[in-house]
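Numbering (the UniProt record's numbering), first residue to last: 1 to 211.
A quick write-up on the structure given underneath.
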């Protein structure tokens with residue numbers, strides 16, 4: 001099956017130091033752990049033939065040229081359901097990407113932002129991210145915040161980059177007791193109703209592929 005025959009596309013977008021180093025830090029591949037776990041779940045459910053995932057860095061979805069080359073070429077048609085999972089700066093960039101793809105006529109079914117960062121002036125000036133605050137466009141938006149009982153260095157870094165506060169905007173907006181860097185936990189640990197963001201996305205994809 002060629003890439004253009006897939007019926008659901010997921011984009012996992014890492015933050016600073018995830019896919020490539022950021023000022024000598026990383027790459028840490030934080031979002032890749034979430035992607036690998038989700039891909040395995042799709043495969044175990046027998047859905048791999050109707051699904052494709054891409055691992056991207058926040059810096060790879062900045063310009064229209066990059067988006068056209070790395071993302072649009074992988075979308076079968078305008079009816080393809082697209083799922084975006086972004087972590088840290090990747091969440092900020094992923095939210096902007098949801099808007100750009102919608103403007104181009106594509107269908108963004110779900111946006112998952114994991115402890116989004118990007119509001120700080122210095123990080124916006126020093127990183128390949130859009131300067132203005134995102135205005136996401138998608139059918140469902142899930143935001144998961146990291147509010148750890150015991151902070152580590154990644155939480156300090158997130159504070160320096162200034163977290164993007166989205167209260168009142170997402171369809172689901174909840175916090176988990178985990179550190180900023182733990183993209184897997186933010187994506188896979190259960191929220192208040194017992195379902196994780198990954199569960200919600202999986203259920204949506206199953207519905208799309210079986211619908």
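Virtual Cβ for every residue (Gly too), placed ideally from N, Cα, C.
query, result
"8 Å Cβ cutoff met for residue 13 and residue 84", "yes"
"Unbroken beta strand (DSSP E) run spanning residue 207, endpoints", "Where residue 207 is concerned, there is no enclosing beta strand (DSSP E), although the alpha helix (DSSP H) it sits in stretches over 197-210."
"Cβ-based burial, residue 44 [other Cβ within 10 Å; buried from 16]", "exposed"
"Collapsed DSSP secondary structure at residue 188 in the structure displayed", "helix"
"Limits of the beta strand (DSSP E) - the one that residue 114 falls within", "107-114"
"Pair within 8 Å by beta-carbon distance, residue 112 and residue 163", "no"
"Three-pair Cβ contact test at 8 Å for the segment 139-154 versus the segment 47-61", "no"
"Endpoints, the alpha helix (DSSP H) within which residue 13 is located", "Unbroken run through residue 13 is the beta strand (DSSP E), 9-14; no alpha helix (DSSP H)."
"Opposing strand residues paired with residue 87 [DSSP bridges]", "114"
"C-beta atoms of residue 33 and residue 17 nearer than 8 Å", "no"
"Whether residue 176 touches residue 160 by CB criterion (8 Å)", "no"
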